[in-house]
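All remarks here apply to the structure that follows.
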Amino acid sequence: MTAEVNIDLKDYSYSVIVGNKNLDRIGEIINKTLPDTVRTFVISDTNVFSIYGDRVINNLKKAQLKPTYELFPAGEENKNLLTARKFYDKLVEHQMDRSSLIISLGGGVVGDLAGFVAATFMRGVKFAQLPTTLLAQVDSSVGGKVAVNHEKGKNLIGTFYQPDFVLTDVSTLNTLEKNEIISGMAEVIKHGMILDKDYFNYIDNNISEILDLTPTSLIQLVKKSCQLKGSVVKKDEKENDYRKILNFGHTIGHALEVITKYKKYKHGEAVSIGMVYNCKLAYKMGLIDYDVIDRLITLLSYVGLPTEIPKNIGADQILEAIKKDKKSYQNKVPMILPTAIGKVEISNQWSEEDLKSIIK
Ligand SMILES: NC(=O)c1ccc[n+]([C@@H]2O[C@H](COP(=O)([O-])OP(=O)(O)OC[C@H]3O[C@@H](n4cnc5c(N)ncnc54)[C@H](O)[C@@H]3O)[C@@H](O)[C@H]2O)c1
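Count along the sequence shown from 1, add 32, and you get the number used in my numbering.
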């Protein structure tokens, strides 16, 4: 079983091809979609390449796509300009040009960094993603945000740059650590919560198969999440307004990450807590019934995601961190609040008092 999702962005449209064992199709897909490609340059991290590198390189060689590869040590701390610079040096050294294709093989860190390099090298070269974490497959490979971190903040240096295609192999998730799967599930559940009640129900009804990494349910999951995210990006590619709904759970989640210095929570875990508190805020404001919170908490807990702000973190600390958020304008950040499962609104109407009271 395979699935193909068209991310419809006019001149920048592209396909996300989802399947099991898709890594073995990379050469065939390049020759079909980008037939003028002369050479390929794979960017990966040391972890992912040690598992999948040979397979991808051999496949590219067989397809006469003259592959070269360069690696960087895995980790968010390496998603920076220094690493990007090393890749520019290597691209020049290997005489890559605009007929070359940069391929990212890895999670969101690799995709963001390789995408940033592809967007900026020679004012933009062809780019394809082979995402290997759940987060990258359902979220970061769609939408064209590419970036590196600055010491003062995450993703501060970046742009929008859509790939030429995304080739997703759900079987790569079998080697991913369980906590990475759990963390990625927060974004999947987010897609159901903000956009599609049927999808939320699908996740809820099939959660055991999904967590067991059954290929058919994973393909269905990745396909649906990419379709939903794609539909948002189509309406608002550059995040002028509507795309902000994808930040559901992220404002409070980001505050928790900052307060705990990015050490206590994986991103998805912080988002999970953030989604619950956004729901509590919506309940306090009379936008939803308690049943919505109940269903969300039950599902998140089953997956193994946290749902509560720890007692040692106070409401004031959270509010202060929210005000410093890069999305803050005049000390106020819009909150994405549910009005039902599958529906949200972007609200500036929330009050600090309400937020404090739900945190207490
Ligand atoms: N561009 C976007 O729209 C967007 C959206 C969300 C997140 N992001 C970015 O994504 C990044 C996080 O991505 P992530 O969660 O994928 O983390 P990651 O890329 O750091 O991967 C997590 C870990 O898993 C390892 N790994 C990856 N795939 C593996 C596999 N199949 N088997 C074994 N190990 C594997 C990696 O080496 C790494 O150690 C952040 O930098 C975040 O800013 C971007």
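Idealized CB from N, CA, C, for every residue including glycine.
Here the structure is a predicted model, which means the values were calculated and not measured.
Within the chosen limit of 7 Å, ligand 1 does not reach the beta carbon of Ser132 with any heavy atom. Considering only Met367, Lys94, Leu208, the residue with the shortest C-alpha distance to Gly138 is Leu208.
About 6 Å separates the Cβ atoms of Met225 and Ile373, confirming a contact at the 8 Å cut-off. Residue environment analysis places Lys111 among the buried positions, since at least 16 neighbouring C-beta atoms fall within 10 angstroms of its C-beta. Relative to ligand 1, Asn110 has its C-beta separated by 7 Å or more from all heavy atoms. Shown here, Thr34 sits in coil according to DSSP, grouped into three states, outside any helix or strand.
Exposed is the label assigned to Gln381, since fewer than 16 other Cβ atoms lie within 10 Å of its Cβ. When only Cα atoms are considered, Val335 and Val264 end up about 25 Å apart.
At least one heavy atom of ligand 1 sits closer than 7 Å to the Cβ of Gly138.
Under the 8 Å Cβ criterion, the region 249-265 does not count as touching the region 335-348, having fewer than three qualifying pairs. For the pair Ile75 and Glu108, the CB atoms are not nearer than the 8 Å cut-off.
Distance from the CA atom of Ile235 to the CA atom of Lys122, rounded to whole angstroms, is 43 Å. Secondary structure in the region 57-91: the beta strand (DSSP E) runs of 3 residues or longer, each lying completely within the stretch, are 71-77 in chain order. For Thr207, no beta strand (DSSP E) encloses it, and the DSSP letter there is neither H nor E. For Glu60, the closest C-alpha among the options Ser379, Thr100, Leu199 is that of Leu199.
A direct Cα-Cα distance of roughly 14 Å separates Ile305 from Val220. Beta-carbon to beta-carbon, Phe280 and Val174 are separated by about 16 Å, too far to satisfy the 8 Å threshold. Between ligand 1 and the CB of Leu208, the shortest heavy atom gap is smaller than 7 Å. Taking a cut-off of 8 Å on C-beta distances, the region 316-329 does not touch the region 291-299, as fewer than three cross pairs fall below it.
Val254 sits close to Val170, with the two beta carbons spaced by under 8 Å.
Contact between Ala151 and Thr191 holds, since their C-beta atoms are separated by about 5 Å, short of 8 Å. Counting only runs of 4+ residues, the alpha helix (DSSP H) found wholly inside the region 295-345 occupies 299-316, 322-335, in chain order. Sorting Leu97, Gly147, Gln194, Asp273 by C-alpha distance to the C-alpha of Asp43 places Gln194 at the top.
Remark: the C-beta of Leu205 is in contact range of ligand 1, defined as less than 7 Å to any heavy atom. Here DSSP, grouped into helix, strand and coil, assigns Asn279 to helix. Contact between Ile378 and Pro366 holds: CB atoms are separated by about 5 Å, below the 8 Å threshold. Lys177 has its CB nearer than 7 Å to a heavy atom of ligand 1. Going by DSSP, Glu385 is part of the alpha helix (DSSP H) stretching over 384-391. The closest heavy atom of ligand 1 lies less than 7 Å from the beta carbon of Leu167. In the DSSP assignment, Val142 falls outside any beta strand (DSSP E) and within the unbroken alpha helix (DSSP H) covering 140-152.
Straight through space, the alpha carbons of Pro163 and Ile368 are spaced by roughly 27 Å. Sequence-distant Cβ neighbours of Leu188 in its own chain, meaning closer than 7 Å and more than five residues away, are Asn181, His182. No heavy atom of ligand 1 is found nearer than 7 Å to the CB of Val48.
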